[in-house]
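Residue numbers (the working numbering), protein chains in the order written: chain A, 1 to 126; chain B, 127 to 252. Have a look at the structure below, then the notes.
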């Protein structure tokens, strides 16, 4: 099995172009940390590229294993229903490709700790 | 001027009850770090309490200064348009109250660093 790997950071998308900035920064920083694995962004809606297009492009480049990290704060309908349906369809469209979905970024204890620091700092606290 | 302070963590809300969990954890951790300032959640839509109701309750308790931290990953229409309109209306409804809005959690460099760590870890990287 082809084990060339890629990482996709999967975000919601928005009409406002300003929305993408922190996700692009996250992609760049992640890519710097793992130069051997291609890291790209994909969106659920309103922004391009969408996840199916990004996965198709990576599969065409010969990638055999994709990890999808949902860059969402919480687990709502998009991660409970929309993403599993998209990934199910991608499995049918690309039978040789392994797609693994990580937990939501916002549920990671390290991320929650950093958000806590930011909230305390914003309130002028210790 | 009344300077009793409070902190509101302002999140999007979702139909799925699972959505609230990381925000509740964030609220609890932030409250632990600054026990002298009441910390509460408020939502833009789909979940309760909404921001105007939470602000009204705090004002009725004698709070004079509220910091609102948007627990959003990026800055899209909700923070560019919806939140400023809500805060403007709150200013009219509560003329003695000072309301300060912080930057989005997802744009904080410390939060982006922690998300980077999580993405690298999820990809099985260094």
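Cβ atoms here follow ideal geometry from the backbone N, Cα and C, with glycine treated the same way.
How big is the Cα-Cα spacing for residue i and residue j?
i: residue 37(A); j: residue 63(A); result: 10 Å
i: residue 136(B); j: residue 226(B); result: 12 Å
i: residue 76(A); j: residue 105(A); result: 13 Å
i: residue 212(B); j: residue 48(A); result: 30 Å
i: residue 12(A); j: residue 198(B); result: 11 Å
i: residue 177(B); j: residue 14(A); result: 22 Å
i: residue 165(B); j: residue 200(B); result: 22 Å
i: residue 57(A); j: residue 179(B); result: 47 Å
i: residue 43(A); j: residue 214(B); result: 31 Å
i: residue 102(A); j: residue 16(A); result: 27 Å
Report yes or no: is there a C-beta of chain B within less than 8 Å of the C-beta of residue i?
i: residue 64(A); result: no
i: residue 130(A); result: The question about residue 130(A) has no answer here: the residues shown for chain A are numbered 1 through 126.
i: residue 82(A); result: no
i: residue 15(A); result: yes
Under the rule that 16 or more other beta-carbon atoms within 10 Å means buried, what is residue i, buried or exposed?
i: residue 171(B); result: exposed
i: residue 235(B); result: exposed
i: residue 233(B); result: buried
i: residue 60(A); result: exposed
With 8 Å as the threshold, decide whether the Cβ of residue i is near any Cβ in chain A.
i: residue 186(B); result: no
i: residue 246(B); result: yes
i: residue 149(B); result: yes
**Message:** Check whether the segment 51-69 of chain A and the segment 2-22 of chain A are in contact - that is, three or more C-beta pairs closer than 8 Å.
**Reply:** Counting Cβ pairs under 8 Å, three or more are found: they touch.
**Prompt:** For the segment 154-224 of chain B, which segments carrying the beta strand (DSSP E) assignment without a break, of at least 3 residues, lie completely within its bounds, in sequence order?
**Reply:** Listed in chain order, the complete beta strand (DSSP E) runs (minimum 3 residues) inside the segment 154-224 of chain B are 165-169 and 191-196.
**Prompt:** Quick one: any contact between the segment 145-158 of chain B and the segment 88-103 of chain A, if contact means 3 or more CB pairs under 8 Å?
**Reply:** When Cβ pairs closer than 8 Å are counted between the two stretches, the segment 145-158 of chain B is seen not to touch the segment 88-103 of chain A, the count staying below three.
**Asked** Does the segment 81-89 of chain A come close enough to the segment 11-26 of chain A that 3 or more CB-CB pairs lie under 8 Å?
**Response** Touching, no.
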